[in-house]
Amino acid sequence: KTIDSLGELRGKRVLVRADLNVPLDGTTITDDGRIRAALPTLTRLVEAGARVAVISHLGRPKGAPEEKYSLRPVVGRLGELLGQDVAFATDTVGSSAQETVAGLADGQVAVLENLRFNPGETAKTDEERLAFAQELAALGDAFVSDGFGVVHRKQASVYELATLLPAAAGELVLREVESLRKVTDEPERPFVVVLGGAKVADKLGVIDSLLGKADRILIGGGMAYTFQKALGHEVGQSLLDESKLDVVTEYMERAKANGVELVLPVDTVVAPEFSADAAPTTVAVDQIPADQEGMDIGPETSKLFGEKISDAATVFWNGPMGVFEFPTFAAGTTAVAEVLSKAPGYTVVGGGDSAAAVRNLGFDESLFDHISTGGGASLELIEGKELPGISILEEDAK
Ligand code: 3PG
Numbered sequence: 003k004t005i006d007s008l009g010e011l012r013g014k015r016v017l018v019r020a021d022l023n024v025p026l027d028g029t030t031i032t033d034d035g036r037i038r039a040a041l042p043t044l045t046r047l048v049e050a051g052a053r054v055a056v057i058s059h060l061g062r063p064k065g066a067p068e069e070k071y072s073l074r075p076v077v078g079r080l081g082e083l084l085g086q087d088v089a090f091a092t093d094t095v096g097s098s099a100q101e102t103v104a105g106l107a108d109g110q111v112a113v114l115e116n117l118r119f120n121p122g123e124t125a126k127t128d129e130e131r132l133a134f135a136q137e138l139a140a141l142g143d144a145f146v147s148d149g150f151g152v153v154h155r156k157q158a159s160v161y162e163l164a165t166l167l168p169a170a171a172g173e174l175v176l177r178e179v180e181s182l183r184k185v186t187d188e189p190e191r192p193f194v195v196v197l198g199g200a201k202v203a204d205k206l207g208v209i210d211s212l213l214g215k216a217d218r219i220l221i222g223g224g225m226a227y228t229f230q231k232a233l234g235h236e237v238g239q240s241l242l243d244e245s246k247l248d249v250v251t252e253y254m255e256r257a258k259a260n261g262v263e264l265v266l267p268v269d270t271v272v273a274p275e276f277s278a279d280a281a282p283t284t285v286a287v288d289q290i291p292a293d294q295e296g297m298d299i300g301p302e303t304s305k306l307f308g309e310k311i312s313d314a315a316t317v318f319w320n321g322p323m324g325v326f327e328f329p330t331f332a333a334g335t336t337a338v339a340e341v342l343s344k345a346p347g348y349t350v351v352g353g354g355d356s357a358a359a360v361r362n363l364g365f366d367e368s369l370f371d372h373i374s375t376g377g378g379a380s381l382e383l384i385e386g387k388e389l390p391g392i393s394i395l396e397e398d399a400k
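All letters in the sequence shown, in the order written, are residues 3 to 400 by the UniProt record's numbering.
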């Protein structure tokens, strides 16, 4: 169901579940990508004369208010982008929220305080989540689900709320699902997947499902060292998940059996400590000194990955190639972003970190076909898992 299905919206109170979970340095937003991604839906509702209450989480507070997770810093930026003064309620369903929503004029927008300050949002039992969703539902006449980054969570504002009000998918959710399904359903070939990031455990599901689909899987970042160790190389102080050595060994065997090219780094940039000014040295992957840790893929690997990406008809990239937050160790991530930005195929960047990397390293977003706002959500969609926040909208549509 799309926003059209909600009918005339002038004067209606519309609750919009957005994902305004932006990275903050104190109260400074370091990447506003998720706020900008919420604009198509919000602008559309404003133009339709709806009274818009935006609900979102930020970080992972444990069901009670914590100042560092307040959504207040987001309000100013949202107002600038929307070109209107955005109101802010200091609670989510209490008197501040009720008064703020009641005070909205047609076409006006308010942000309600962090959903996760309420234990019902992420409660384990259906009853508790439903009870909180009922309090939320009392604030609106209709519900628009547009927080793509959170659609893989069965939480009150994502799932139960959609059962209580006329509900529709927002513009961002529609665009995300359409773009990511282009990658999963019948991708044009060669289909190349680039995976990075620190934790191999986070990517096992996606590798598992892609071993039957992708033509090539390139693995960099901290997760690559578990593969290197499984191949018998010493990885020094690099990130390593000993408990996954058997799984990755099985994946490497399955890749061979399925004719999927699994490409691992051939060189790596190491340093004696995890810090921005640690002295970098480039070594072959089987020459990592015992007292050093891997911080980035090396230049030979960047070149190799570039060759493996440039002829792709479809590319999906999730996870940085190294510690890109430190300029000395950003070269690998920059190189991958660079080839992707020039690749003639359909290019999708998934995930919070890789999306932030692309923007923070200065790449123009328009050089990529799609930059997802979802980390876990985009991976689970690629994996083919059912996403509660999407299926509830589809069920409702039925
Ligand atoms: C994200 O950052 O991936 C989304 O905002 C979801 O956050 P969560 O992992 O805390 O549910």
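Virtual Cβ for every residue (Gly too), placed ideally from N, Cα, C.
Q | Residue nearest to D298 in terms of C-alpha spacing, selected from T336, I373, A315 and V262 | A | Here residue 298 corresponds to residue number 296 of the sequence shown, with the count starting at 1. When only C-alpha atoms are compared, the closest one is T336.
Q. Quick one: is the Cβ of R74 within less than 7 Å of any heavy atom of ligand 1?
A. As a working note, residue 74 is residue 72 in the sequence shown. No.
Q. Taking just the CA atoms, how far does A20 sit from L106?
A. Translated into the one-based positions of the sequence shown, residue 106 becomes position 104. Translated into the one-based positions of the sequence shown, residue 20 becomes position 18. Roughly 18 Å separates the two Cα atoms.
Q) Are the region 18-36 and the region 56-72 touching by the rule of at least three beta carbon pairs closer than 8 Å? A) Yes: the two stretches touch, three or more of their Cβ pairs being nearer than 8 Å.
Q.
DSSP three-state label for R191, please.
A. The residue you call residue 191 lines up with position 189 of the sequence shown. Under the three-state reduction of DSSP output, R191 falls in the coil class, being neither helix nor strand.
Q: Compare the C-alpha of I37 against each of S7, R79, D6 and L17 and name the closest.
A: Counting from one through the sequence shown, the residue named residue 37 turns up at place 35. Closest option to I37, Cα to Cα, is R79.
Q | Of the listed residues Q157, I394 and A216, nearest to E188 (C-alpha basis) | A | Here residue 188 refers to the residue found at position 186 of the sequence shown. Residue nearest to E188 within the set Q157, I394 and A216 is A216 (criterion: CA-CA distance).
Q. Going by C-alpha distance, which of V175, A281, E275 and L182 is nearest D293?
A. For this step, residue 293 is matched to residue 291 along the sequence shown. The residue with the shortest Cα to Cα distance from D293 is E275.
Q. Can you tell which of G261, E340, V18 and S380 has the C-alpha that lies nearest to the C-alpha of T186?
A. Counted from its first residue, the sequence shown places residue 186 at position 184. Selected option, being the one with the closest Cα: S380.
Q: Taking Y71 as part of the alpha helix (DSSP H), name the residues at either end of that continuous run.
A: Residue numbering aside, residue 71 sits at position 69 when the sequence shown is read from its first letter. Element bounds for Y71: n/a, residue is neither H nor E.
Q. N320: beta carbon under 7 Å from a heavy atom of ligand 1?
A. One-based indexing of the sequence shown puts residue 320 at position 318. Taken from the Cβ of N320, every heavy atom of ligand 1 lies 7 Å or farther away.
Q. The alpha helix (DSSP H) with D248 in it runs from where to where?
A. Residue numbering aside, residue 248 sits at position 246 when the sequence shown is read from its first letter. Going by DSSP, D248 is part of the alpha helix (DSSP H) stretching over L247 to N260.
Q.
So within the region 127-161, which uninterrupted alpha helix (DSSP H) runs reach at least 4 residues, ignoring any that extend past its ends?
A. For secondary structure counted as the alpha helix (DSSP H) over 4 or more consecutive residues, the region 127-161 holds these complete runs in sequence order: 128-139.
Q: Would you be able to state if there are at least three C-beta pairs under 8 Å between the region 314-324 and the region 279-286?
A: As far as the Cβ criterion goes, the region 279-286 does not touch the region 314-324, which means the pair count is below three.
Q: Give a yes or no on whether the C-beta atoms belonging to A357 and I373 are separated by under 8 Å.
A: If you number the sequence shown from 1, residue 357 lands on position 355. If you number the sequence shown from 1, residue 373 lands on position 371. Their beta carbons are under 8 Å apart, which means A357 touches I373 by this criterion.
Q.
So for E263, helix, strand or coil by DSSP?
A. Sequence index remark: in the sequence shown, residue 263 carries index 261 (1-based). Here E263 sits in strand by DSSP.
Q: Assign D87 to buried or exposed, taking buried as 16 or more other Cβ atoms, counted over all protein chains shown, within 10 Å of its Cβ.
A: Within the sequence shown, residue 87 is the residue found at index 85, counting from 1. The Cβ neighbour count for D87, taken over all protein chains shown within 10 Å, is under 16; the residue is labelled exposed.
Q. Where V208 and E385 are concerned, what is the direct C-alpha to C-alpha distance, given to the nearest angstrom?
A. Along the sequence shown, read from residue 1 onward, the residue named residue 208 stands at position 206. Along the sequence shown, read from residue 1 onward, the residue named residue 385 stands at position 383. Near 5 Å, if we compare the C-alpha coordinates of E385 and V208.
(Q) Using only CA atoms, which one of G96, G300 and D128 lies nearest to L117? (A) Taking the first residue of the sequence shown as position 1, residue 117 is located at position 115. Nearest of G96, G300 and D128 to L117, Cα basis: G96.
Q.
Residues in the same chain with beta-carbon distance under 6 Å from G300, minus the five sequence neighbours each way, listed in chain order, please.
A. By 1-based counting over the sequence shown, the position of residue 300 is 298. Counting only residues of its own chain and dropping the five nearest sequence neighbours on each side, G300 has a CB closer than 6 Å to the CB of D269, T270, V271 and T284.
Q.
So L174 and P42 are supposed to be a Cβ contact under 8 Å. How far apart are they, rounded?
A. By 1-based counting over the sequence shown, the position of residue 174 is 172. By 1-based counting over the sequence shown, the position of residue 42 is 40. Between L174 and P42 a beta carbon distance of about 7 Å is seen, short of the 8 Å cut, so the two are scored as contacting.
Q: Report whether the distance from the Cβ of N362 to the nearest heavy atom of ligand 1 is below 7 Å.
A: Stepping through the sequence shown from its first residue, residue 362 is reached at position 360. Incorrect: N362 has no Cβ contact closer than 7 Å to ligand 1.
Q. Which class does I290 belong to by DSSP, given the choice of helix, strand or coil?
A. Sequence index remark: in the sequence shown, residue 290 carries index 288 (1-based). DSSP places I290 in coil when its eight states are reduced to three.
**Q.** Complete runs of the alpha helix (DSSP H) confined to the region 162-246 [at least 4 residues]
**A.** Fully enclosed alpha helix (DSSP H) runs of 4 or longer: 173-186, 206-212 and 226-232.
Q: Give a yes or no on contact between the region 192-212 and the region 163-173, applying the rule of three or more CB pairs nearer than 8 Å.
A: Under the three-pair Cβ rule at 8 Å, the region 192-212 does not count as touching the region 163-173.
Q) CA-CA distance, K14 and P267? A) Taking the first residue of the sequence shown as position 1, residue 14 is located at position 12. Taking the first residue of the sequence shown as position 1, residue 267 is located at position 265. Here the alpha carbons of P267 and K14 stand approximately 55 Å from one another.
Q. A135 and E178: beta carbons closer than 8 Å?
A. The sequence position of residue 135 within the sequence shown is 133, counting from 1. The sequence position of residue 178 within the sequence shown is 176, counting from 1. No.
Q) Which residue comes first and which comes last in the alpha helix (DSSP H) that contains A315? A) Translated into the one-based positions of the sequence shown, residue 315 becomes position 313. From DSSP, A315 is part of no alpha helix (DSSP H); its letter is neither H nor E.
Q. Would the C-beta of N116 count as close to ligand 1, meaning under 7 Å from any of its heavy atoms?
A. Counting from one through the sequence shown, the residue named residue 116 turns up at place 114. Checking the Cβ of N116 against ligand 1 gives no.
**Q.** R306 versus K231, K246, E244 and I219, residue with shortest Cα-Cα distance
**A.** Locating residue 306 in the sequence shown gives position 304, where the first residue counts as 1. The question names Arg, but residue 306 is Leu in the sequence shown. Answer by Cα proximity: I219.
Q: With a threshold of 7 Å, establish whether the CB of N23 neighbours any heavy atom of ligand 1.
A: Position 21 of the sequence shown, counting from 1, holds the residue named residue 23. Yes, ligand 1 has a heavy atom inside 7 Å of this Cβ.
Q. When we look at the beta-carbon of S277 and count the other beta-carbons within 10 Å, is it buried (16 or more) or exposed?
A. Along the sequence shown, one-based indexing puts residue 277 at 275. Within 10 angstroms of the beta-carbon of S277 lie fewer than 16 other beta-carbons, which makes it exposed.
**Q.** Cutoff 8 Å; reference D108; Cβ partners in own chain excluding five residues on either side
**A.** Taking the first residue of the sequence shown as 1, we reach residue 108 at position 106. Closer than 8 Å at the Cβ level, and outside the excluded window around D108, lie R12, G13, G51, A52 and R53.
Q: Determine the contact status of T124 and A112, defining contact as a CB-CB distance below 8 Å.
A: Taking the first residue of the sequence shown as 1, we reach residue 124 at position 122. Taking the first residue of the sequence shown as 1, we reach residue 112 at position 110. Using a Cβ distance threshold of 8 Å, T124 and A112 do not count as a contacting pair.
Q: Give a yes or no on whether the C-beta atoms belonging to E397 and L389 are separated by under 8 Å.
A: As a position in the sequence shown, residue 397 is number 395, starting the count at 1. As a position in the sequence shown, residue 389 is number 387, starting the count at 1. By the CB criterion at 8 Å, E397 and L389 fall outside the cutoff.
Q) Where F326 and A333 are concerned, what is the direct C-alpha to C-alpha distance, given to the nearest angstrom? A) For the purposes of this step, residue 326 is taken as residue 324 along the sequence shown, with counting starting at 1. For the purposes of this step, residue 333 is taken as residue 331 along the sequence shown, with counting starting at 1. About 7 Å.
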